[in-house]
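These notes concern the structure reproduced below.
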Amino acid sequence: MPMSHVFHRSSVKAPPAVSRGEGAYLYDQSGKAYLDGSGGAAVSCLGHGDAHVTEAIRAQLDQVAFAHTGFFTSPPAEALADRLVALAPGDLNRVYFVSGGSEAMEAALKLARQYHLERGEAGRSRIIARRQSYHGNTLGALATGGNAWRREPFAPLLMEVSHVAPCYAYRGQQEGESEAAYCDRLIAEIEDEIERVGPESVMAFVAEPVVGATLGAVPSVPGYFKRIREICDRHGILMILDEVMCGMGRTGTLFACEQDVVAPDILCVAKGLGAGYQPIGAMLCTEIMHEVIAQGSGFFQHGHTYVGHPVACAAAGAVLDRVVGDDLLGRVHPMGAVLRGMLEDRFGQHPHVGDIRGRGLFLGLELVQDRATKAPIDPARKIHAQVKAAAFAEGLICYPNGGTIDGKQGAHVLLAPPFILTEDQ
Ligand code: PLP
Numbered sequence: 007m008p009m010s011h012v013f014h015r016s017s018v019k020a021p022p023a024v025s026r027g028e029g030a031y032l033y034d035q036s037g038k039a040y041l042d043g044s045g046g047a048a049v050s051c052l053g054h055g056d057a058h059v060t061e062a063i064r065a066q067l068d069q070v071a072f073a074h075t076g077f078f079t080s081p082p083a084e085a086l087a088d089r090l091v092a093l094a095p096g097d098l099n100r101v102y103f104v105s106g107g108s109e110a111m112e113a114a115l116k117l118a119r120q121y122h123l124e125r126g127e128a129g130r131s132r133i134i135a136r137r138q139s140y141h142g143n144t145l146g147a148l149a150t151g152g153n154a155w156r157r158e159p160f161a162p163l164l165m166e167v168s169h170v171a172p173c174y175a176y177r178g179q180q181e182g183e184s185e186a187a188y189c190d191r192l193i194a195e196i197e198d199e200i201e202r203v204g205p206e207s208v209m210a211f212v213a214e215p216v217v218g219a220t221l222g223a224v225p226s227v228p229g230y231f232k233r234i235r236e237i238c239d240r241h242g243i244l245m246i247l248d249e250v251m252c253g254m255g256r257t258g259t260l261f262a263c264e265q266d267v268v269a270p271d272i273l274c275v276a277k278g279l280g281a282g283y284q285p286i287g288a289m290l291c292t293e294i295m296h297e298v299i300a301q302g303s304g305f306f307q308h309g310h311t312y313v314g315h316p317v318a319c320a321a322a323g324a325v326l327d328r329v330v331g332d333d334l335l336g337r338v339h340p341m342g343a344v345l346r347g348m349l350e351d352r353f354g355q356h357p358h359v360g361d362i363r364g365r366g367l368f369l370g371l372e373l374v375q376d377r378a379t380k381a382p383i384d385p386a387r388k389i390h391a392q393v394k395a396a397a398f399a400e401g402l403i404c405y406p407n408g409g410t411i412d413g414k415q416g417a418h419v420l421l422a423p424p425f426i427l428t429e430d431q
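Quick note on this note's numbering: the sequence shown kicks off at 7 and runs consecutively.
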């Protein structure tokens, strides 16, 4: 390959160039097919080349490609917001469109801060989030996340955040401890941290309902989020749920938090919203939050050039047609059960697979040195790369990753195939 001028993710080696996509497959320039078993990073929920979505993009381009939201709104943005609000849980009633997940999280953090400020609670700026979480790579989102490896080089640039334990039963639940007792212990840690920093200083609690990149499709134990909701309400703390990876149908319901029977004050989605056809994310907030700004400064002091991009919104509207209108969502639970069954059959007793978990078509396999001791695999980072390369050579795209376990890097393989996946694939 001639020298590339693209600043690739790896500065050592450029990846092969993709030439086309069709259904669950991507093809490189040599014609080699790759089954997109993780939708890249849980993005391509419709697979590739969906004619309905590409037609919607074309039709919008024929009307108008771009009009700055400082001057205009657009029919696709208005229509998409109406539909998301109708489908969203709780009182989420306003939608702020951005270009991806990190931007959605930055908007959420800044809205939370401005909301408290305009209500006269200027002391609220502290975020409580969880260790082994990922909320994006921009500085606010990176500070909020608890992925030690990603944070380390940039630590001097990051605001102070309280990180509590994630709900990660495979490693966190002690021997002989019931799920309820484990949940009690996690909740007590959150309450203690709120007391330690002072409830009146806390702005928001932030979490992924099903933890993606850092833990590998880990849902919480029953009741966990409902109890956090109750704590947040008691102390006037906002609950921000990050469904950038687990939302938009990935876990079998349009929003993952529906299965936890909880509604946040702010909900962030991205990836599956545009399904990779356009870069788009969204932050949904309650009417009360919007009203505080409307009655106060009248202006959310935030914004990017491509907020509410009409073509991105048109694409996301067409993705919703497919996911909800054509009920591809209805395939997620049954196909997820089939895939999980296959993984259990193949890897359930594998000496280096400690746990198989997830919800819907969002599944993770935790890699360990030894099933019995759960000792983290070592060196994890090298093994991520080996698994990824070996799968890729066989024509499978999967997403190995890992957070830090007791100071050591953990390893899992994340699977997030398209909702159109068939059993034989
Ligand atoms: N939040 C979660 C839970 C994510 O998984 C990601 C990306 O993987 C992000 C935020 C950041 O999204 P983006 O990469 O679109 O900025």
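Even glycine gets a Cβ: it sits at the ideal position worked out from N, Cα and C.
Quick caveat, the model's predicted, so the values are computed rather than measured.
- For the ligand PLP, no non-hydrogen atom lies closer than 7 Å to the CB of V104.
- With at least 16 other beta carbons inside 10 angstroms of its own, E112 counts as buried.
- Only residues of its own chain outside the window of five on either side were considered, and among them M111, A147, T150, G151, D248 have a CB closer than 6 Å to the CB of H141, listed in chain order.
- In this structure V18 does not touch Y283 by the C-beta definition: roughly 30 Å separates them, more than the 8 Å allowed.
- For D248, the Cβ falls inside the 7 Å cut-off from some heavy atom of the ligand PLP.
- Only residues of its own chain outside the window of five on either side were considered, and among them A276, P285, G287 have a CB closer than 6 Å to the CB of G106, listed in chain order.
- Of all C-beta pairs linking the region 217 to 225 to the region 187 to 204, fewer than three are shorter than 8 Å, placing the two stretches out of contact.
- Across the set H390, A281, D351, the C-alpha of A281 shows the shortest separation from the C-alpha of D327.
- Y174 has its Cβ no nearer than 7 Å to any heavy atom of the ligand PLP.
- Between Y176 and G360 a beta carbon distance of about 7 Å is seen, short of the 8 Å cut, so the two are scored as contacting.
- Within its own chain, the residues whose Cβ lies closer than 6 Å to the Cβ of I389, once the five positions on either side in sequence are excluded, are I383, A417, listed in chain order.
- The Cβ atoms of G366 and G258 lie closer than 8 Å to each other.
- For secondary structure counted as the alpha helix (DSSP H) over 4 or more consecutive residues, the region 317 to 383 holds these complete runs in sequence order: 335 to 353.
- In the three-state DSSP reduction, K116 falls in the helix class (H, G or I).
- Using a cutoff of 7 Å, the CB of G255 does not count as near the ligand PLP, since none of the ligand's heavy atoms is closer than that.
- Ranked by Cα distance from Q307, the options P406, L86, R26, A114 are led by A114.
- The beta carbons of L86 and H54 sit about 22 Å from each other, so the pair does not count as a contact at 8 Å.
- Contact check for F261 against L244 fails: the beta carbons are separated by 8 Å or more.
- In the same chain as A118, and ignoring 5 residues on each side of it, the C-beta atoms closer than 7 Å to its own belong to M209, A210, L244, I246, I272, in chain order.
- The distance from the Cβ of I299 to that of L41 is about 46 Å, inconsistent with a contact at the 8 Å cut-off.
- In this chain, the beta strand (DSSP E) harbouring G287 covers 287 to 292.
- Excluding sequence positions up to five before and after E61, its CB lies within less than 8 Å of the CB of A324, all in the same chain and listed in chain order.
- Taken atom to atom, the span from the alpha-carbon of R191 to that of R377 is near 25 Å.
- Secondary structure of P270 (DSSP, three-state): coil.
- For L86, the enclosing alpha helix (DSSP H) begins and ends at 81 to 93.
- With a threshold of 7 Å, the Cβ atom of H310 does not count as near the ligand PLP, since no heavy atom of the ligand is closer than that.
- Residue pairing by DSSP places Q415 opposite T410 in a beta bridge.
- Under DSSP, S168 takes part in a beta bridge, and its partners are I134.
- Assigned with DSSP and collapsed to three states, A210 falls in strand.
- Residue environment analysis places S226 among the buried positions, since at least 16 neighbouring C-beta atoms fall within 10 angstroms of its C-beta.
- Going by beta carbons, A135 and T410 fall outside the 8 Å limit.
- Closest by C-alpha distance to D239, out of V419, R387, E197, N99, is E197.
- Not one heavy atom of the ligand PLP sits closer than 7 Å to the Cβ of A149.
- Rounded to the nearest whole angstrom, the C-alpha separation of D68 and R337 is 33 Å.
- As DSSP reads the structure, R256 sits in no beta bridge.
- By the neighbour-count criterion, in which 16 or more other beta carbons inside 10 Å mark a residue as buried, D333 falls on the exposed side.
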